[in-house]
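As structure tokens, the structure follows; a few thoughts come after it.
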Amino acid sequence: SNPISEIHSELDYEPTSPIEGDEVRTRVNKFTVETADGKHRFGVRGRIMLDAAYLDDNFMTTDDDRLDRGDLAKYGTIIRRARLGMLGVMYDRWEWQVEIDFRDPVTYDIEEGDDIEGIRFANTYVAYLFDHGRLAAGYFKEPFSMESSTSSRRISFIERATPIDAYRPSRELGVMYETLNPNYYAALGLFGGDGVSRNRRNTEGFSVAGRASFSPVYDASNRIWSHLGLSVNYRSNGYEYQRSRGREKEYNSVRLRSRLGTRAIDGRVIGRRDFSDVKDMTRYAIEAAYGVGSFSIQGEYAGVRLNRDENARGFENPSVVKISNGGYYVQTSFFTTGEQRNYRRFSGDFGRTRVQNPVGSGGYGAVELLARYAYADHTDHHDERGAQELKHYTLGLNWYPVDDIVLKFNAMFVDAKTSSRDLEPGEFKSWDSMVYALRLQFEF
Amino acid sequence: SNPISEIHSELDYEPTSPIEGDEVRTRVNKFTVETADGKHRFGVRGRIMLDAAYLDDNFMTTDDDRLDRGDLAKYGTIIRRARLGMLGVMYDRWEWQVEIDFRDPVTYDIEEGDDIEGIRFANTYVAYLFDHGRLAAGYFKEPFSMESSTSSRRISFIERATPIDAYRPSRELGVMYETLNPNYYAALGLFGGDGVSRNRRNTEGFSVAGRASFSPVYDASNRIWSHLGLSVNYRSNGYEYQRSRGREKEYNSVRLRSRLGTRAIDGRVIGRRDFSDVKDMTRYAIEAAYGVGSFSIQGEYAGVRLNRDENARGFENPSVVKISNGGYYVQTSFFTTGEQRNYRRFSGDFGRTRVQNPVGSGGYGAVELLARYAYADHTDHHDERGAQELKHYTLGLNWYPVDDIVLKFNAMFVDAKTSSRDLEPGEFKSWDSMVYALRLQFEF
Amino acid sequence: SNPISEIHSELDYEPTSPIEGDEVRTRVNKFTVETADGKHRFGVRGRIMLDAAYLDDNFMTTDDDRLDRGDLAKYGTIIRRARLGMLGVMYDRWEWQVEIDFRDPVTYDIEEGDDIEGIRFANTYVAYLFDHGRLAAGYFKEPFSMESSTSSRRISFIERATPIDAYRPSRELGVMYETLNPNYYAALGLFGGDGVSRNRRNTEGFSVAGRASFSPVYDASNRIWSHLGLSVNYRSNGYEYQRSRGREKEYNSVRLRSRLGTRAIDGRVIGRRDFSDVKDMTRYAIEAAYGVGSFSIQGEYAGVRLNRDENARGFENPSVVKISNGGYYVQTSFFTTGEQRNYRRFSGDFGRTRVQNPVGSGGYGAVELLARYAYADHTDHHDERGAQELKHYTLGLNWYPVDDIVLKFNAMFVDAKTSSRDLEPGEFKSWDSMVYALRLQFEF
């Protein structure tokens, strides 16, 4: 008997209408197919990060401002990221991507007024490719900071340095122009706010975001490289109000949070309490890095200035109107096995490190030694229980058995303090502890 | 050393047991692979729709029946649809599809008793293909209305016309037979109710749904076409009760809702309040369309009759037992660049329009001008605050740079009214405003 | 004009940087691509299970302990499983998998304190393949029981037998070594607890789990086979407490639940109430099976012993400290069409049955007749309303039109009882009913 596709040949019924095959190239690992003329491309991608952590002193931490509270878990395991995505190029000039993060599928112990998150979107956009730039529209990172711009697959430690983690912007829906030039990077974007979901009453705000970087010292072999960069981001905060009843605006709360250097134990050592009545805010970051062979050093200063609206509905004493928070980090990396970090001038961030002697080809993989000091100042807060400060010390060891798998170990010392309702203003509750964290990550 | 697949050759261990390659055809854009004999096929598909909207007069709208309430957002951005799916044919005659919609991952400001939705399913079924028909079982649209049957990738405006949006049925689990005949379309299905999740106490109801259409005037080149269609859908509503305690049935609430013509601002101008105590309901739609070259016109009448159960547990005065709601729309389309809508007689809906001069091949894409008037009558309601009525005027401009990308702009005038607890029965709160909406969509 | 990939050739911009194609083998059905040398592999997989059920006597069931309560739905339809996954081998020795289950996307009628689940993870891991074993890290089933280890695509009935369903462990994050030996199976693993999400205060517990099996009688053609196996699993339960305030531990509640033999009606006939204050627990299973040609028989005993902590914060009278629950099942299968169950010695479970005369190749598919008796004893409970017992009788008919599609019908008699707050201790509320369930499943 004839196959059904022949019987249906008079219909335009998609499931059985004949397809005309392309002449293709196929890559199996990091699955991608491409037409021989390079004008169409389709691929599948993913990343899985599995984390475990152990907290040495888990009692009376600064996760709670009260003196006799703040006990955290002793140890924990989580799926930190589980992203599946598809990406492609169509008609030569149109690039697109869709990426979903399935992490954190459970929301524990819900309360009235909670916002319940199902899945999260990562990159989800379409872009037009110019000869030396791209115009993208959709959902992606606001351009900001070297460490924030570097993919989570390529950062050195298990989590980004505290001040970047706390003060960087989120992904949002927007439009952005980026250069695609071998020697430097520049980006300018306009973004909406408040995520990707419907919210009937919330006028969501917007941001204007820019970032630029270049490499003052660079040799053609990429053995010596350097990086200088600057980011500025202005955001007008979203709000709702009932003007028809003469009520004042109620601004969205602003969360600037960072944890212990792992999410497997989720103590909030910076930004435990959100800021309220924030009208607008300006973020900025100054970036520098330098590499020579297997050694590299990287550092940034990141800060945020918040303007609060005295006319806002919920505005409360103490009437702090302008707030500044910020921090910095310095980190070094050394590959004992001869590899080097893959600095990319065209995007001002880091790409994949190629393992020289992978496991399975007679080698033992790549080994990277790391050290980082990070400081974040969150002491300027309008809520007397919201002030926090962290000194964060990390030693790291990364093992890359093959290109697409990394095992990371971080030994961290957290030296934290917080203001407290149980203390006088200006006094602080202190806590310090070792934190040990492990990550197994792979990508495809 | 031998590859692990050889070492494991004595095992039937799936991850390493050898695969026998097929002779295949591969299509890169809209990725599909097919065996050379056409008997097996596998593909990946997706659609992304990114929406923005601006509301001219966002205060005291009919989203709230009270005179001094109903303020909505001024502007908003959302991911309207983000669907990833897989589809295939196996053993020549068995067609299947799985499609997940990841939109709206956040539920804001939850309250006791809320139903929290994680992801949504789109088409998820397996079907047996006969020579001239198909029998499908799974989750898909109940057959109803031309505009409802047309894929969201192929509709002319950003959202479907108000009465179709409000009164069409949902996707449900069911079985359906459809014709696959080049000249006409007919479908009959039996469906369950209440979605795809477990619900311990809810006896979920069922529906019987049919649709048929043909093309009284049609020329072989598809330059002139016409469409007449009819849909009828009877649904017995789901309920729970505790018969063991002598309690009466409590029927599932019935939502028949439509918004502003965009979801990026989510005002509920039709069906803000659900119907309660509905025992069963009958929907119907009358469909007509006509096209000649680049010009087309399309219109439908859709209505619903609800029967309420006076013995239901929550039955309240005013004791309205029979309720009728309905509406109609007329819309026209004209391609200034020579393309035409792709009417498909075999399914009574619209397929993809092929762009004649795509961007990147020396052209500027396709341009479509649109106009629509839609009316929905929801004034017959058992709840005195539930009555609403809408006159909805839309001018549209679509730009298709290439086949798989569309940029849509809709300028809309909403002329709405609602009953109000602040007014006498028969009096209405009125609101009108311009709404501007933008969509960027791509498919793969 | 040049394609964009040439213009960008000086950049390392992933979306357009040229790919080097591999020499590949492609399988269309159960889509997999493999490099010609077998060292890299990528595939996509999925399973869809659509269930319907009808409950003969749905009033005053043992889903509620009170005498005049416990009414369940009369009928229901659900998507029981909808899994999409990707899997592969990289660099010859590294196997990985990611699999998401999208079932049950709605949580109805939420209450304060609920845990809201978005999506669920199924297998999500990376493993190193030794010549005769594998070391896996990630999220997968704790090794336990033949029926639990067998994929849901390969079990005989719609749901696993009651005692296995109730007393088996969950998937957790962990590390496990398994043999890959043609003649026997052994596994030992260490697992965390409490799922994959962050939970700030919960110290999540751990388990040590082992399973081993062999085939005392086996002929090389696999027409005669036998199975003996043993599983033991010790779990230290997770908890939270505020040691800083001198409070006692509060252990995670322990759910050991089973339903009617279908989830489409979700009555909780075993384990309606969770156990509290459980410090640790030990599960065990004894497995046996035998097959000759088209006939097979399979049975297991599974049990669990719980130790409660008298010092726990919520410990209540009656002060039951040690609790034992367990059960067994025996089931037989006979293929009237000549096929046989595909017992796999290397993993001690069942693989896919190959249909000898598939529909579409002149045949009518495979037909399997089934019978099962299962008993579960949950009467030893610390909560006087928590005791339940079930005798569960099932007749089954499976039809496999082709290898990857199964239609299952189960006619079941449930004979249940429960303790009740309306009765004296030692007295039971009884309920029995027929349950009819249907499943349509396909895989790709």
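Residue numbers (the numbering used here), protein chains in the order written: chain U, 9 to 452; chain D, 9 to 452; chain X, 9 to 452.
Note that beta-carbon positions come from the ideal geometry of N, C-alpha and C, so glycine has one too.
Taking 9 Å as the cut-off, the Cβ atoms of residue 289 of chain D and residue 315 of chain D count as close. Looking at the DSSP output, residue 114 of chain X shares a beta bridge with D/125. For residue 70 of chain U, the closest of U/64, U/62, U/79 and U/63 by C-alpha to C-alpha distance is U/79.
With a threshold of 9 Å between beta carbons, residue 105 of chain X makes contact with chain D. Taking all protein chains shown into account, residue 442 of chain X has fewer than 16 neighbouring C-beta atoms within 10 Å of its C-beta and is therefore exposed. No Cβ-Cβ contact shorter than 9 Å links residue 375 of chain X with residue 398 of chain X.
Rounded to whole angstroms, the gap between the alpha carbons of residue 151 of chain X and residue 413 of chain U is 25 Å. In this structure residue 140 of chain U is exposed. Its beta-carbon is surrounded by fewer than 16 other beta-carbon atoms within 10 angstroms. In the three-state scheme derived from DSSP, where H, G and I count as helix and E and B as strand, residue 228 of chain X is classed as coil. In this structure, the alpha-carbon of residue 99 of chain X lies about 7 Å from that of residue 368 of chain U.
Our two residues, residue 401 of chain D and residue 51 of chain U, have alpha carbons roughly 42 Å apart in a direct line. Neighbours of residue 13 of chain X in chain U, taken as residues at a C-beta separation under 7 Å, are given in chain order as 46.
Close partners of residue 151 of chain X in chain D (Cβ separation under 7 Å) are lacking, with about 15 Å as the shortest Cβ gap. By DSSP's assignment, residue 53 of chain U forms a beta bridge with U/93.
No Cβ of chain U is located within less than 9 Å of the beta carbon of residue 188 of chain X. Contact check for residue 12 of chain U against residue 183 of chain D fails: the beta carbons are separated by 9 Å or more. If you ignore the 5 residues before and after residue 420 of chain D, its C-beta comes within less than 6 Å of the C-beta of 269, 402 and 443, all in its own chain and listed in chain order. Excluding five sequence positions before and after residue 317 of chain D, the CB atoms of its chain that fall closer than 6 Å to its own CB belong to 285 and 287, given in chain order. Leaving aside the five residues that flank residue 246 of chain X on each side, the residues in its chain whose CB is nearer than 8 Å to its CB run, in chain order, 201, 202, 210, 211, 212, 213, 259 and 260. Taking a C-beta distance under 9 Å as the contact criterion, residue 257 of chain X and residue 321 of chain X qualify as a contact pair. Minimum Cα-Cα distance from residue 127 of chain U among the listed residues U/138, U/136 and U/114 corresponds to U/114. The beta carbon of residue 449 of chain X sits closer than 6 Å to those of 57 and 414, all from its chain and outside the five residues before and after it, given in chain order. When beta bridges are read from the DSSP output, residue 237 of chain U appears opposite U/221 and U/295. The C-alpha of residue 55 of chain D lies about 14 Å from the C-alpha of residue 166 of chain D. At least one beta carbon of chain U lies nearer than 9 Å to the beta carbon of residue 84 of chain D. Under the 9 Å criterion on CB atoms, residue 350 of chain U is classed as non-interfacial with respect to chain D. The beta-carbon distance between residue 53 of chain D and residue 38 of chain D, rounded to whole angstroms, is 7 Å. This is short enough to meet the 8 Å contact definition. For residue 358 of chain U and residue 237 of chain U, the gap between their C-alpha atoms comes out near 14 Å. For residue 318 of chain U, not one C-beta of chain X is nearer than 9 Å to its own C-beta. If only complete runs of 3 or more residues are kept, the stretch 344 to 368 of chain D shows the beta strand (DSSP E) at 350 to 352 and 357 to 359, in order along the chain.
The stretch 300 to 310 of chain X makes no contact with the stretch 264 to 279 of chain X: fewer than 3 CB pairs, one atom from each, lie closer than 8 Å. Shown here for residue 231 of chain X: same chain residues with a beta carbon closer than 6 Å to its own, the five before and five after excluded, namely 301 in chain order. Within chain D, no C-beta atom comes nearer than 8 Å to that of residue 367 of chain U; the closest sits roughly 13 Å away.
The stretch 371 to 391 of chain X makes contact with the stretch 274 to 283 of chain X: 3 or more CB pairs, one atom from each, lie closer than 8 Å. In the DSSP assignment, residue 172 of chain D falls within the unbroken alpha helix (DSSP H) covering 170 to 175.
If you draw a straight line from the Cα of residue 149 of chain X to the Cα of residue 352 of chain X, it is about 18 Å long.
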